[in-house]
Amino acid sequence: MASWTVKGILLDFDGVISSLMARVGWSYLHALKKVKPDIKREVVIVTLFDTAQKFLTATEKLSPLYIPQLVAKVSWIPGLNFYQRMKFMINGAIMYNKCKMNIVPQPGVIDTLNLLAKDYKLGLVTSANRTLINKASEQIPILKEFDVLITREDCAHAKPHPEGILKGVKGLGLTASECLYVGDMPSDIIASRKANVKIVAILGEFKEIAQHSFKQYKPDYIIPFLRDLPNLLRKINS
Numbered sequence: 089m090a091s092w093t094v095k096g097i098l099l100d101f102d103g104v105i106s107s108l109m110a111r112v113g114w115s116y117l118h119a120l121k122k123v124k125p126d127i128k129r130e131v132v133i134v135t136l137f138d139t140a141q142k143f144l145t146a147t148e149k150l151s152p153l154y155i156p157q158l159v160a161k162v163s164w165i166p167g168l169n170f171y172q173r174m175k176f177m178i179n180g181a182i183m184y185n186k187c188k189m190n191i192v193p194q195p196g197v198i199d200t201l202n203l204l205a206k207d208y209k210l211g212l213v214t215s216a217n218r219t220l221i222n223k224a225s226e227q228i229p230i231l232k233e234f235d236v237l238i239t240r241e242d243c244a245h246a247k248p249h250p251e252g253i254l255k256g257v258k259g260l261g262l263t264a265s266e267c268l269y270v271g272d273m274p275s276d277i278i279a280s281r282k283a284n285v286k287i288v289a290i291l292g293e294f295k296e297i298a299q300h301s302f303k304q305y306k307p308d309y310i311i312p313f314l315r316d317l318p319n320l321l322r323k324i325n326s
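Following our numbering, the numbering of the sequence shown begins with 89 at its first residue and continues without gaps.
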């Protein structure tokens with residue numbers, strides 16, 4: 089039996105609302121295949137997830153170099169020589185620029201958000217920029233109805249710093265104990281802990297990798313996709 093009641097839900101964007109693979113992963117995989125055609129997709133995904141989560145959990149300061157630094161980190165693939173690495177980084181940058189505005193809602197997201205909006209205050213806390221979220225609102229109109237939108241431009245720090253989540257809680261007009269944060273990375277879990285907000289971790293597109301990672305960080309709850317959140321909330325609030 090829960091000793092608290094959820095009144096507000098703050099959500100990450102990439103990997104929770106929209107497909108991370110469609111916006112980032114596909115360009116990474118395609119660029120790497122051009123350099124090393126025999127590399128296995130599973131190896132690429134594991135490397136991408138592992139390298140990205142290490143960077144994200146260790147980097148809080150948002151700066152103009154934040155994205156280039158992340159790209160450089162995830163481009164460091166074992167077994168590539170200097171020429172291959174440079175070619176991969178160039179191809180990766182070209183493909184990323186083509187795909188960076190690709191918005192592919194996760195399974196059941198639109199119906200789920202519309203359902204949640206009936207009973208909860210909703211907010212977005214993401215390191216994605218405002219331009220992307222404005223574009224996403226065209227495909228996912230309920231985003232326009234969110235009570236608060238916190239994007240990269242609104243914060244000096246990225247998760248795992250709690251700044252964005254704390255601003256989200258304030259924007260909802262609630263206390264931390266009345267809110268949940270829904271994320272898909274260890275940095276989301278750490279930031280939520282620092283903000284004293286319960287965390288729901290999404291396994292999403294990288295289920296096996298995420299399960300292994302989440303064991304170390306121990307989120308309060310784990311669900312496959314956002315569409316599974318209403319059932320979890322019924323159990324929490326019962």
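Glycine included, C-beta positions come from ideal geometry on N, C-alpha and C.
Alpha-carbon to alpha-carbon, Met189 and Leu108: If I take the Cα positions, the gap works out to 11 angstroms.
Beta carbon of Leu144 nearer than 8 angstroms to that of His245: For Leu144 and His245, no; Cβs fall outside 8 angstroms.
Residues near Glu241 by beta carbon distance below 6 angstroms, same chain, minus five either side: Same-chain partners within the cutoff: Arg218.
Three-state class that DSSP yields for Thr270 in the structure shown: In the sequence as displayed, the identity of residue 270 is Val instead of Thr. Correct three-state label for Val270: strand.
Selection from Asp316, Arg129, Gly167 and Tyr305 that minimises the alpha carbon distance to Asp199: That would be Asp316, whose Cα lies nearest to the Cα of Asp199.
Cβ shell of Pro298 (< 6 angstroms), same chain only, five flanking positions each side left out: In the sequence on display, residue 298 carries Ala and not Pro. Apart from sequence neighbours up to five positions away, the residues of its chain that approach Ala298 with a beta-carbon distance below 6 angstroms are Leu291, ordered along the chain.
Distance between Leu212 and Ile238 (C-alpha atoms, nearest Å): Rounded to whole angstroms, Ile238 to Leu212 spans 6 angstroms at the Cα level.
Phe170 burial status per 10 Å Cβ neighbour count (16 or more: buried): Phe170 should be labelled exposed.
For His300, the three-state DSSP class (helix, strand or coil): In the structure shown, the three-state DSSP call for His300 is helix.
C-alpha distance - Glu148 paired with His249, whole-angstrom precision: Whole-angstrom Cα-Cα distance: 6 angstroms.
Beta-carbon spacing of Ser265, Tyr184 below 8 angstroms: No; because the gap between Cβ atoms is not below 8 angstroms, this pair is not in contact.
Gly211 - containing alpha helix (DSSP H), residue span: First-last for Gly211: Lys209 to Val213, but that is the beta strand (DSSP E), not the alpha helix (DSSP H).
C-alpha gap between Leu314 and Asp207, whole angstroms: Computed Cα separation, rounded: 16 angstroms.
Inter-stretch contact (C-beta, 8 angstroms, three-pair minimum) for the segment 301-313 and the segment 275-289: Yes: at least three Cβ pairs fall under 8 angstroms.
Proximity winner among Trp92, Ser106 and Leu321, relative to Cys187 (alpha-carbon distances): When the alpha-carbon of Cys187 is set against those of Trp92, Ser106 and Leu321, the nearest one is in Ser106.
Best match in Ser275, Pro152 and Leu321 for proximity to Phe302 [C-alpha to C-alpha]: Among Ser275, Pro152 and Leu321, the Cα nearest to that of Phe302 belongs to Ser275.
Residue ranges of each alpha helix (DSSP H) within the segment 116-156, 4 or longer: Considered as a whole, the segment 116-156 harbours 129-146 as its complete alpha helix (DSSP H) runs of no fewer than 4 residues, in chain order.
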